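Working notes, beginning with the structure itself.
Residue numbers (our numbering), protein chains in the order written: chain F, 489 to 816; chain C, 4 to 316.
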């Protein structure tokens, strides 16, 4: 009797768990052949190329005068030049969310709309393998695109600057690439959650796009407005500092802020702090080159925060999907 | 023979509405069982519960001796399912759609299996066309092949004949029959078109508003229908006299003029049909045709839900 009852749950556990791989490989193939992949690649590619050409031109001028510029190659990502109003990392932080949203917004309700969900769920795979497979495929295609873009930038950089990146610079770029993938995965997880909860693809595209636009365009304004309410700068001693501190803390809820902060530290060895530069902390900002481990020591809070936010959103999508009933 | 599908007091409530109410089914291995009823009777909900896709509110069920709630994968591995209004990935071809299902089921010799199934449902020519270009009927056929990819012991078909032309319906029904006879596949099919499916069913349950109102072989159910059937008589001229003669026969209840020229439709006890025909002929009426207007289960069907929807003949 005891052996019987012990065996029963085993039968379920013994079941093949490779279903998510089948789902993921199908989804990945779908993404790679899809029109949206081609369009996104073209748009991001052209925009990046323009930004990098401008940046490399500016760097060339600087580099001719100064012999001893540190991490010259990474300047491609962090330098601001004339025709493009912000450096490449800011550009990535503003546009890359679109990638995550595009590959997540119809992942579940698209199946519902096509009437394939009941058929898919009646196959011998666990339900979580469906959403896991889709998420993994999304991260896969995002990784491919971001890696291609970074390689593209590096290629243009080598060609235009005539400087090859050092090993230290390459390792910084790789860490940053992983960070960027997590950042885009955050937006994918958000879009997936909305696609589980809503039935129409149009709605589930609008919600994450709305959040993205609000944070990207009005984020700074919103955070300072909230900070003014919580901790108004009324002219009292230290009130301006308290106000700035509050604004900084509130801005940390935005993944865009987290990514921009982390990116700056990761790609610029001379940036040794995040957050406000106050008088007490000024020693940290003294220009001295950090190695990668030191930089990581500085940026682990925003990196972990972003990873945690991504994990929470995916967990919400996952639980929500698991509890949903197929209805007649 | 062992039960393939068995439910005891299976009930599903959504908020206030009871969609399936105390359903008892016992379907034997190799049987073709028809779940008949109008749209919204709870047929699809019942099927979703049997597949473990929807949680019952109460009651118990066994598929091949297994509870689908506790052994969902084992059940899904052995049950082929054709959903109502089946959908496919529009960008993939019919063949690619089937390959995806085959991979999820870890079918070994999948190319051979798929070729064979595409042939059986008559889709070889369209196999490499995107499924988005398929007509409704073609999707239905592809869905049939899709449900068979895993070589199931049980086949659950939700409205398998809707959206298919009459010729296609005959082919699908023929296929169902062959699977049951040759491979001992148990088939549970739901339909709101009684006439189409009754020929293929060993047993049927008439399902109205969440409850089974009648269950048995089509023949038994028809016999249970005490009282009267409707019979159409066609004459070579002189319908008026024939009408008065019919009216005089004691066992005939009601006579109306039929839609066919020179015809009458009488409601009578099926046991007295021979005497009625005799009476007409001996009275001098030139009778050229006699036809039961009701198919076997039509009367039952009309009695339970004619008011709810148009019964297509």
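We put the beta carbon where it would ideally sit given N, CA and C, even for glycine. In this text the structure is predicted, and so the values were computed from the model without any measurement.
Given that residue 91/C touches chain F, what residues does it touch there, using C-beta distances under 9 Å?
Under the 9 Å cutoff, chain F gives 602, 603, 604, 607.
Can you grab the Cα-Cα spacing for the pair residue 514/F / residue 135/C, in whole Å?
In a straight line, the C-alpha of residue 514/F is about 17 Å away from that of residue 135/C.
So, is residue 129/C buried or exposed, given that buried needs 16 or more other C-beta atoms within 10 angstroms?
Result: buried.
Anything in the segment 46-69 of chain C with a Cβ closer than 7 Å to a Cβ of chain F? List those residues in chain order, please.
Under the 7 Å Cβ criterion, the segment 46-69 of chain C contributes 47, 48, 51, 54, 56, 57, 58.
Would DSSP call residue 66/C helix, strand or coil?
Three-state DSSP puts residue 66/C in a strand.
Closest by CA to residue 540/F, which one among 722/F, 643/F, 730/F, 786/F?
Nearest C-alpha to residue 540/F: 643/F.
If you compare alpha carbons, which of 655/F, 585/F, 589/F, 734/F is closest to residue 693/F?
With distances taken between Cα atoms, residue 693/F lies closest to 589/F.
Note down the Cα distance separating residue 310/C from residue 521/F, rounded to an integer number of angstroms.
Per-residue confidence for residue 310/C stands at a pLDDT of 41, beneath the threshold of 50, marking its modelled position as unreliable; the derived number appears in the next sentence. Roughly 51 Å separates the two Cα atoms.
Of the residues 242/C, 77/C, 146/C, which one's Cα is nearest the Cα of residue 283/C?
Nearest of 242/C, 77/C, 146/C to residue 283/C, Cα basis: 242/C.
Measuring alpha carbon to alpha carbon, tell me which residue in 189/C, 80/C, 84/C, 98/C is nearest residue 108/C.
For the residues 189/C, 80/C, 84/C, 98/C, the minimum Cα distance to residue 108/C belongs to 80/C.
Using a Cβ-Cβ cut-off of 8 Å (strictly less than) and excluding sequence neighbours within five positions of residue 669/F, which residues of its own chain qualify?
If we look at residue 669/F and ignore the five residues flanking it on each side, its Cβ neighbours are 627, 630, 631, 634.
Classify residue 751/F as helix, strand or coil using the three-state DSSP reduction.
Helix, per DSSP.
Leaving out five residues before and five after residue 649/F in sequence, what residues of the same chain have Cβ atoms less than 8 Å from its Cβ?
Closer than 8 Å at Cβ, skipping near neighbours: 544, 547, 548, 551, 560, 561, 564.
Against chain F, with Cβ distances strictly below 8 Å, would residue 84/C count as a contact?
Chain F contact via Cβ: present.
Give the range of the alpha helix (DSSP H) segment to which residue 509/F is assigned.
That run of the alpha helix (DSSP H) goes 507-521.
How close, in whole Å, do the beta carbons of residue 617/F and residue 511/F come, if the pair is a contact with beta carbons under 8 Å?
Confirmed, about 6 Å.
Would you please verify whether the beta carbon of residue 80/C is less than 8 Å from any beta carbon of chain F?
True, the Cβ-Cβ gap to chain F drops below 8 Å.
I want to verify the contact list: residues of chain C whose CB lies under 7 Å from the CB of residue 613/F, in sequence order.
Those within 7 Å of residue 613/F in chain C are 107.
For residue 49/C and residue 23/C, I'd like the C-alpha separation in whole angstroms.
Going from the Cα of residue 49/C to the Cα of residue 23/C covers about 7 Å.
So, for residue 660/F: in the same chain, excluding its five sequence neighbours on each side, which residues have a beta-carbon less than 7 Å away from its beta-carbon?
Contacts found: 562, 754, 755, 780.
Using a Cβ cut-off of 8 Å (strictly closer), state whether residue 507/F contacts chain C.
It does; some Cβ of chain C falls within 8 Å.
Applying the 10 Å Cβ sphere with the 16-neighbour rule, what's the burial state of residue 209/C?
Buried is the call here.
Could you tell me the boundaries of the beta strand (DSSP E) in which residue 137/C lies?
Taken as a continuous stretch (DSSP letters only), residue 137/C belongs to no beta strand (DSSP E), as it is neither H nor E.
Determine which residues of the segment 713-729 of chain F have a Cβ less than 9 Å from any Cβ of chain C, and write them out in chain order.
So nothing in the stretch comes that close.
Quick one: what's residue 158/C bridged to in DSSP?
BP columns for residue 158/C point to 83/C, 190/C.
Go ahead and pull the three-state DSSP assignment for residue 7/C.
In the structure shown, residue 7/C sits in a strand (DSSP, three-state: E or B).
What does residue 104/C reach in chain F if we use C-beta pairs closer than 9 Å?
Result: 607, 608, 611.
By how many angstroms is the C-alpha of residue 193/C removed from the C-alpha of residue 609/F?
One C-alpha to the other measures close to 20 Å.
At a CB-CB cut-off below 7 Å, which residues of chain C make contact with residue 514/F?
Here the neighbours are 103.
Answer yes or no: do residue 684/F and residue 809/F have a C-beta to C-beta separation smaller than 8 Å?
Their beta carbons are under 8 Å apart, which means residue 684/F touches residue 809/F by this criterion.
Exposed or buried, residue 13/C, counting other C-beta atoms within 10 Å across all chains shown (16 or more means buried)?
Classification of residue 13/C: buried, given that the 10 Å Cβ count is 16 or more.
Determine whether the beta carbon atoms of residue 533/F and residue 640/F lie at a separation below 8 Å.
In contact: residue 533/F and residue 640/F (Cβ atoms closer than 8 Å).
Of all the CB atoms in chain C, is at least one closer than 8 Å to the CB of residue 594/F?
For residue 594/F, the answer is no, since every Cβ of chain C falls outside 8 Å of its Cβ.
What is the residue span of the beta strand (DSSP E) that residue 236/C lies within?
First-last of the beta strand (DSSP E) with residue 236/C: 232-238.
Rounded to whole angstroms, how far is the Cβ of residue 240/C from the Cβ of residue 265/C, which I believe are closer than 8 Å?
That belief holds up - the Cβ atoms of residue 240/C and residue 265/C are roughly 7 Å apart, short of 8 Å.
Per DSSP, what kind of secondary structure is residue 445/F in: helix, strand or coil?
Residue coverage of chain F in this structure runs from 489 to 816, which leaves residue 445/F outside it and unanswerable.
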